[in-house]
Amino acid sequence: MVDPESRSGSPVAFDPATAAGWVDAPPRMGFFTDTSVCIGCKACEVACKEWNGVPSSGLDLLGMSYDNTGALTANSWRHVAFVEQPRPSGDDDSPGGGSAVASSSGAPVEFLGMPGAAPPGRTGSAHGRSDFRWLMMSDVCKHCTRAGCLDVCPTGALFRTEFGTVVVQEDICNGCGYCVSACPYGVIDRRAGDGRAWKCTLCYDRIGVGMTPACAQACPTESIQYGPLDELRDRAAARVATLHERGVPEARLYGHDPSDGVGGDGAFFLLLDEPEVYGLPPDPQVPTRDLPRMWRRAGVAALAMAAGAVVAFLGGRR
Amino acid sequence: MNPRRLPVGERFRRFRDRLGAAGTTGAPSGAAPGAASAPGDGPPTAPGATGGSVGGAPTAPGADARTASGGRDGEGRGRRRRGRGGEELAVPPAEFRSYYGRPILKPPVWTWEIAAYLFTGGLAAGSSLLAAGAQLTGRPALRRAGRLTALAGVTASGVLLVMDLGRPERFHHMLRVAKPTSPMSVGTWILTAYGPAAGLAAVAEVAPLLPERGPLGLARRMLPPLGRAAGLAAAGIAPALGTYTAVLLSDTAVPSWHGAYPDLPLVFAGSALASGAGMGLIAVPPTQAGPARRLAVAGAGLELVGAHRVQTRLGLVAEPYRIGRAGRLLRAGRALTVVGVAGALLGARSRVVSAFSGAALLAASVATRFGIFHAGVASARDPRYTVLPQRERLQRRADEQDR
Ligand code: SF4
Ligand code: SF4
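In order, the protein sequences belong to chains G and U. End of the first sequence = 318 in the UniProt record's numbering, gap-free, step of one. End of the second sequence = 403 in the UniProt record's numbering, gap-free, step of one.
(1) Is the shortest distance between the beta-carbon of Val166 (chain G) and the beta-carbons of chain U less than 7 Å?
(2) Among G:Gly193, G:Ala216, G:Val140, which residue has its Cα nearest to the Cα of Tyr185 (chain G)?
(3) Using a beta-carbon distance cut-off of less than 8 Å, what residues from the stretch 93–106 of chain U approach chain G?
(4) Can you pull the chain U neighbours of Leu243 (chain G), defined as C-beta to C-beta under 9 Å?
(5) So Phe373 (chain U) contacts chain G; which residues on that side make the cut at Cβ distance below 7 Å?
(6) Looking only at DSSP bridge pairs, what is Gly227 (chain G) linked to?
(7) The stretch 291–311 of chain G: which residues have C-beta closer than 9 Å to a C-beta of chain U, in chain order?
(8) Do Ala218 (chain G) and Cys44 (chain G) have their C-beta atoms within less than 7 Å of each other?
(9) Can you give the Cα-Cα distance for Leu394 (chain U) and Pro284 (chain G), rounded to whole angstroms?
(10) Going by beta-carbon coordinates alone, are Arg233 (chain G) and His256 (chain G) separated by less than 7 Å?
(11) On the CB-based measure, 16 or more other CB atoms within 10 Å of its CB, does Met222 (chain U) come out buried or exposed?
(12) Going along chain U, which residues have a C-beta under 9 Å from Val46 (chain G)?
(13) Looking at the secondary structure, which residues open and close the beta strand (DSSP E) in which Arg160 (chain G) lies?
(14) Do you know how far the Cα of Val177 (chain U) is from the Cα of Pro108 (chain U)?
(15) Within a Cβ cutoff of 7 Å, which residues of the same chain sit near Leu266 (chain U), ignoring the five residues on either side of it in sequence?
(16) Sort out for me which residues DSSP pairs Val168 (chain G) with in a bridge.
(17) Decide yes or no for the touch test of the stretch 341–354 of chain U against the stretch 289–301 of chain U: beta carbon pairs closer than 8 Å, at least 3 of them.
(18) Scan the stretch 98–183 of chain U and note each continuous alpha helix (DSSP H) run of 4 residues or more that stays entirely inside, going in chain order.
(19) I'd like to confirm the pairing. Which residues does DSSP put opposite Glu222 (chain G) in its beta bridges?
(20) Which residues in the same chain as residue 341 (chain G) place their Cβ atom closer than 7 Å to its Cβ, once the five residues preceding and following it in sequence are excluded?
(21) Give the residues of chain G in contact with Trp110 (chain U), contact being defined as C-beta atoms less than 7 Å apart.
(22) So, does the CB of Leu223 (chain U) fall closer than 7 Å to a CB anywhere in chain G?
(23) I'd like to confirm something about Ala147 (chain G): is its beta-carbon nearer than 6 Å to some heavy atom of ligand 1, or not?
(24) If you follow the beta strand (DSSP E) that Phe269 (chain G) is part of, which residue opens it and which one closes it?
(25) Below 8 Å on the Cβ atoms is my contact criterion, and I expect Glu212 (chain U) with Gly227 (chain U) to pass it. Report the Cβ-Cβ distance as a whole number of Å.
(26) Would you call His172 (chain U) buried or exposed, if buried means 16 or more other Cβ atoms sit within 10 Å of its Cβ?
(27) Evaluate the contact criterion for the stretch 263–282 of chain G versus the stretch 27–34 of chain G: three or more CB pairs, one atom per stretch, below 8 Å.
(28) Can you grab the Cα-Cα spacing for the pair Val310 (chain G) / Asp251 (chain U), in whole Å?
(29) Between U:Gly133, U:Gly101, U:Ile104, which has its C-alpha nearest Gly315 (chain G)'s C-alpha?
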């Protein structure tokens, strides 16, 4: 499974816009979403809907946390995840927190993932008081360097912009749905009733005239930072170092590495726990990476098929 | 919004009911009835899967509760699987963390049309090969049956494919580009080349019905040679048509489809041959169906070997091929294949038995295609098939670096 080419060598400065045929492409633009300062206000979700005219998703109470958006969909191009993690109270300072709340009787009680009426941390008895942490993260299309959705689109509706982002052209897409299955992050989605695929465009219209994407503009804590990817990567590395220094050893970057399975993300993240806790795949890979091998196997099978037919006619009298 | 999403409040009600069933103390491990978290079918919103909120460092005092909740999930599966007789617990149940048990990937938006197309496309491919063989060895009845089936199959394929589009009226946008990185684009061009060839070959079969004189008389004379050329062209493209669909499924992030890429083409090739042979067995008298019988054996062999490898060699992502609806369909497909081949060989003298065998082979192909389709959908719906194999891969890479 390990692909020696993309794993071992030092990351080469690969510019997807140039590779897609753009001449004199501007620097690759992207997002750095620093979840350590996200306050879960969902201003990004709202700003995105407003600017891009994304239809409402309807009222859908999921009953699991303060997140009722649930996932990135055709009608939610930003999604704020709320992870509620109980941590043992008192002087336990194990990183990442504990995993169960001790009830007053001392028996471990499974945390049920439900927000309570009282503020977090104030429930339970004085002794077995629950402590609690909230992880909030504004998820978005990753604008992969090697984008599965873009590779498989049979109409050319998905294309690589001069900023290195990945955008669907709504007048071309015929709703074949291939991109939906090809995205290793489960981002792009077909809109019911409309039939076409939709996702974050990194506000192609705004960045084209030098503006900041709506979500980044709306974010009150600068959790969402927009800029040239190189710059963002430097900034992110510095931020992780700062957090480690301040005693947050669980801080880590996700999607920043150009040698990962998708060639690095144009929108990457600083996380405070494992990616899967936020609903992100721990080791995403672009499906087309194995495509040459797939065609080879199909070729072998096609030959077997032809051989079967030949044998069927030459192999007997009647 | 995802159309498959449950209506407002339903998810919450189910969640609450499940808590009620498990006892509100949330006693870990065996105390809760296994039914409380029914893994496999349906969205795994069970408390056992809410690793996102339960997770933490394993050293923490309450860690056993998480292990227990993860373990319960795994245990339930193990029990179910062992209960189903004979099938091995190939992968030890492992715990994993997720965002409230929600899927990471989007399940394919494709519906039954695509599964049905896998069958009709394969049937067309198998029939074209049968027809070309019959043409070259002078078996007119078999040739006619093969050509007509191929045309029917490719026509149905086109209709199904257009039906499945979100914007069917834009189907021709597929013809804007030719993209080797997109198996669907490659498939579009394969179909574009194959369709007219198969169509011409089938139309040529009407030549004997045309009048001898006049412009139609010219057609009567022209059609047979054109049909012969077209039939050979269609047969030349048929193996590509029969196998590219495996790449179409594999070139996705869907864990069970992607993982199966080495063996899926074999299954599809075999299934295509077997279904074409099945049609031949139904259409021609047993005395002329010798090649169809042998083709059935060859196709069934390829299919069974391929399916066996898919079901046993993929580790965790093979599981969706064994359990649930997909497992049932694939088992049915296997049984029907065996019945069909046995009937074709043993009932070689009886028209009725041969026709039944042919029908069994066709049904087997349908069941196999739908089974593989549903296994992929199930694997995309459950985050365990996304997280665990990727975790394993990361671990393997870390181990390699240590060495
Ligand atoms: S995250 Fe998914 S939708 Fe976004 S560019 Fe990557 S493959 Fe495409
Ligand atoms: S649904 Fe649209 S954007 Fe997605 S692959 Fe098909 S044509 Fe391309």
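For every residue, glycine included, the Cβ atom is placed at its ideal position computed from N, Cα and C.
Here's the rundown:
(1) Here residue 166 (chain G) corresponds to residue number 166 of the first sequence, with the count starting at 1. Chain U, which has no Cβ nearer than 7 Å to the Cβ of Val166 (chain G), makes this no.
(2) Counting from 1 along the first sequence, the entry for residue 185 (chain G) is found at position 185. The shortest Cα separation from Tyr185 (chain G) among G:Gly193, G:Ala216, G:Val140 belongs to G:Val140.
(3) Against chain G - using a Cβ distance shorter than 8 Å - the residues of the stretch 93–106 of chain U are Phe96, Arg97, Ser98, Tyr99, Tyr100, Arg102, Pro103, Ile104, Leu105, Lys106.
(4) As a working mapping, residue 243 (chain G) is identified with position 243 in the first sequence. Within chain U, no residue comes near Leu243 (chain G); the closest Cβ sits about 17 Å away, beyond 9 Å.
(5) Your numbering for residue 373 (chain U) matches position 373 in the second sequence. Neighbours of Phe373 (chain U) on chain G: none; closest Cβ ~11 Å, over 7 Å.
(6) Here the question's residue 227 (chain G) lines up with position 227 in the first sequence. Its beta-bridge partners are G:Gly30.
(7) Hits within the stretch, in order: Leu291, Arg293, Met294, Trp295, Arg297, Ala298, Gly299, Val300, Ala301, Ala302, Leu303, Ala304, Met305, Ala306, Ala307, Gly308, Ala309, Val310, Val311.
(8) Within the first sequence, numbered from 1, the residue matching residue 218 (chain G) stands at position 218. Within the first sequence, numbered from 1, the residue matching residue 44 (chain G) stands at position 44. Yes; because the gap between Cβ atoms is below 7 Å, this pair is in contact.
(9) Walking along the second sequence from the start, residue 394 (chain U) turns up at place 394. Walking along the first sequence from the start, residue 284 (chain G) turns up at place 284. The straight-line gap from Cα to Cα measures roughly 10 Å.
(10) Counting from one through the first sequence, the residue named residue 233 (chain G) turns up at place 233. Counting from one through the first sequence, the residue named residue 256 (chain G) turns up at place 256. Yes.
(11) Taking the first residue of the second sequence as 1, we reach residue 222 (chain U) at position 222. Under a 10 Å Cβ-count criterion, Met222 (chain U) is classified as exposed, with fewer than 16 other Cβ atoms of the shown protein chains found around its own Cβ.
(12) Walking along the first sequence from the start, residue 46 (chain G) turns up at place 46. Neighbours of Val46 (chain G) across chain U, judged by C-beta separation under 9 Å, do not exist; the nearest C-beta is about 17 Å away.
(13) Here the question's residue 160 (chain G) lines up with position 160 in the first sequence. Unbroken beta strand (DSSP E) run through Arg160 (chain G): 158–160.
(14) Counted from its first residue, the second sequence places residue 108 (chain U) at position 108. Counted from its first residue, the second sequence places residue 177 (chain U) at position 177. Here the alpha carbons of Val177 (chain U) and Pro108 (chain U) stand approximately 23 Å from one another.
(15) Numbered from its first residue, the second sequence carries residue 266 (chain U) at position 266. If we look at Leu266 (chain U) and ignore the five residues flanking it on each side, its Cβ neighbours are Leu302, Val305, Gly306.
(16) The residue given as residue 168 (chain G) occupies position 168 in the first sequence. When DSSP reads this structure, Val168 (chain G) sits in a beta bridge with G:Leu158.
(17) Remark: three or more beta-carbon pairs, one from each stretch, lie closer than 8 Å, so the stretch 341–354 of chain U and the stretch 289–301 of chain U are flagged as touching.
(18) Listed in chain order, the complete alpha helix (DSSP H) runs (minimum 4 residues) inside the stretch 98–183 of chain U are 112–136, 140–164.
(19) Position 222 of the first sequence holds residue 222 (chain G). DSSP, once it has assigned bridges, lists no residue as partnering Glu222 (chain G).
(20) Nothing about residue 341 (chain G) can be reported from this structure: the residues present for chain G run from 1 to 318 only.
(21) Start at 1 with the first residue of the second sequence, and residue 110 (chain U) comes out as number 110. By Cβ distance, chain G contributes Gly177.
(22) Along the second sequence, read from residue 1 onward, the residue named residue 223 (chain U) stands at position 223. At a cut-off of 7 Å between beta-carbon atoms, Leu223 (chain U) makes no contact with chain G.
(23) Start at 1 with the first residue of the first sequence, and residue 147 (chain G) comes out as number 147. Look at Ala147 (chain G): its beta carbon is less than 6 Å from one of the heavy atoms in ligand 1.
(24) Working through the first sequence from its first residue, we reach residue 269 (chain G) at position 269. Phe269 (chain G) -> beta strand (DSSP E) spans 267–271.
(25) Residue 212 (chain U) sits at position 212 when you count from the first residue of the second sequence. Residue 227 (chain U) sits at position 227 when you count from the first residue of the second sequence. Not quite, the Cβ-Cβ distance comes to about 18 Å (not below 8 Å), so this is no contact.
(26) On the second sequence, residue 172 (chain U) is found 172 positions in, with the first residue counted as 1. Exposed: under 16 other Cβ atoms inside 10 Å.
(27) With a cut-off of 8 Å, the stretch 27–34 of chain G and the stretch 263–282 of chain G count as touching, because enough Cβ pairs lie within range.
(28) What you label residue 310 (chain G) is simply residue 310 of the first sequence in a count that begins at 1. What you label residue 251 (chain U) is simply residue 251 of the second sequence in a count that begins at 1. Straight-line Cα distance between these residues: approximately 30 Å.
(29) Along the first sequence, one-based indexing puts residue 315 (chain G) at 315. Among U:Gly133, U:Gly101, U:Ile104, the Cα nearest to that of Gly315 (chain G) belongs to U:Gly133.
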